[in-house]
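For reference, the structure is listed below as structure tokens.
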Amino acid sequence: MTPSAAFEAYCTAWVAGDHIAMADLFTDDGVFEASTLDRPAKGRDELLSQLRWIAQGQKNVRTETRSAIDVGDTAYIEGTYRGEVLGPAAELTVHPIGSISALSRWSR
Amino acid sequence: MSMSSTPKATLLACAQAFNNRDADAVVAMSDAMALFEIPMLKPNRLHGHDEIRRGLQAAFAELGTVAFRLDDPAENGTVAIAEGSLAVTRNSASDKEHYVGIVAETREGALVRFSLYLNARNRRLWSDEAIL
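Here the protein sequences line up with chains A and B, keeping their order. Counting with the working numbering, you get residues 1 to 108 for the letters of the first sequence. Counting with the working numbering, you get residues 1001 to 1132 for the letters of the second sequence.
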């Protein structure tokens, strides 16, 4: 699986609200890093906990990849996701760009 | 900018033009209908040569120094993506450093889109809790 294919699989699982499928894409020592988190999630247990919160804390998630470039084990990706955050917030739109090796999100 | 320039070369040349605070150089490498998306500017979307020149000149007038420091960009046939930092010194003497991602999209060697992304962590830390 190429890095960008892994990212697309991650998005597919996210849209489905399937945090286990999301976590299954990571290695045992995988890291999920996002500017929305207090600190990176590391390892299977932390990934499952954090990704469950992300997958089930939103509904009607939509993702769109605009550009994807694989360089070795890293994918550089530009895209957008939209989702309705459950709870007091309204709609969140984030434009992610970053690498799947340490999945990170950037916004503008 | 040569019309045969690669997206990577165009991205790096554009970043250097920013470092030189040279709005005319940025315009010279841009398509007439180019779009610049830079979140810290108002307006933060500049479209076409005139808007880009005016917007960047106004921004550069407020800045003493601009310094992009970028990792080696990734590229395909039309797009280059780079991560790095943007450090600026304002004339008011306040300094800022942002962790950034940049996307440069080109057509026939000309820049048609420049999108700057900021790591949102600093802004998130203004809130009391994690967003997600």
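Glycine included, C-beta positions come from ideal geometry on N, C-alpha and C.
(request) Determine whether the Cβ of B:N1076 lies closer than 8 Å to any Cβ atom of chain A. (result) yes
(message) Please identify the residue among B:N1019, B:D1022 and B:M1029 whose C-alpha is closest to the C-alpha of B:A1009.
(response) B:M1029
(request) Counting only runs of 4+ residues fully inside the segment 17-47 of chain A, write out the alpha helix (DSSP H) ranges in chain order. (result) 19-24
(request) Could you please give me the residues that DSSP links to B:K1096 through a beta bridge? (result) B:V1088
(request) With 8 Å as the threshold, decide whether the Cβ of B:I1052 is near any Cβ in chain A. (result) no
(request) Give me the Cα-Cα distance between A:A6 and B:A1058, rounded to the nearest whole angstrom. (result) 42 Å
(request) Consider the Cβ of A:V15: report whether some Cβ of chain B lies at a distance smaller than 8 Å. (result) no
(request) On a CA-only basis, which of A:T36, A:A55, A:T74 and A:R82 is nearest A:A16? Give me that one, please. (result) A:A55
(request) Mind listing, in chain order, the continuous beta strand (DSSP E) runs of no fewer than 3 residues lying wholly within the segment 1024-1071 of chain B? (result) 1030-1037, 1045-1047 and 1063-1070
(request) Could you spell out where the beta strand (DSSP E) holding A:S4 opens and where it closes? (result) A:S4 -> not in any beta strand (DSSP E); alpha helix (DSSP H) instead, spanning P3 to V15.
(request) Buried or exposed for B:F1018, please, with buried defined as at least 16 other CB atoms from any protein chain shown within 10 angstroms of its CB. (result) buried
(message) So, for B:P1039: in the same chain, excluding its five sequence neighbours on each side, which residues have a beta-carbon less than 7 Å away from its beta-carbon?
(response) L1116 and L1118
(request) Output, in chain order, the set of chain B residues within a Cβ distance shorter than 8 Å of A:I20. (result) Going along chain B, no residue has its Cβ under 8 Å from A:I20, so there is no contact; the nearest lies around 18 Å.
(request) Might you give, ordered along the chain, the residues of its own chain that have their beta carbon closer than 7 Å to the beta carbon of B:T1006, omitting 5 neighbours on each side? (result) E1075
(request) Just the chain B side, please: which residues come within less than 7 Å of A:S67 by C-beta, in chain order? (result) V1079, I1081 and V1103
(request) Output yes if chain B places a C-beta closer than 8 Å to the C-beta of A:Y10; else output no. (result) no
(request) Could you pull out every residue in the same chain whose Cβ sits closer than 8 Å to the Cβ of B:H1049, ignoring the five residues on either side in sequence? (result) V1027, S1030, A1032 and A1034
(message) Considering just the uninterrupted stretch of the alpha helix (DSSP H) at B:L1012, what are its terminal residues?
(response) P1007 to N1019
(request) Please classify A:T27: is it buried, with 16 or more other beta-carbons within 10 angstroms of its beta-carbon, or exposed? (result) exposed
(request) Alpha carbon to alpha carbon, how far is B:R1113 from B:R1045? Give it in angstroms, no decimals. (result) 10 Å
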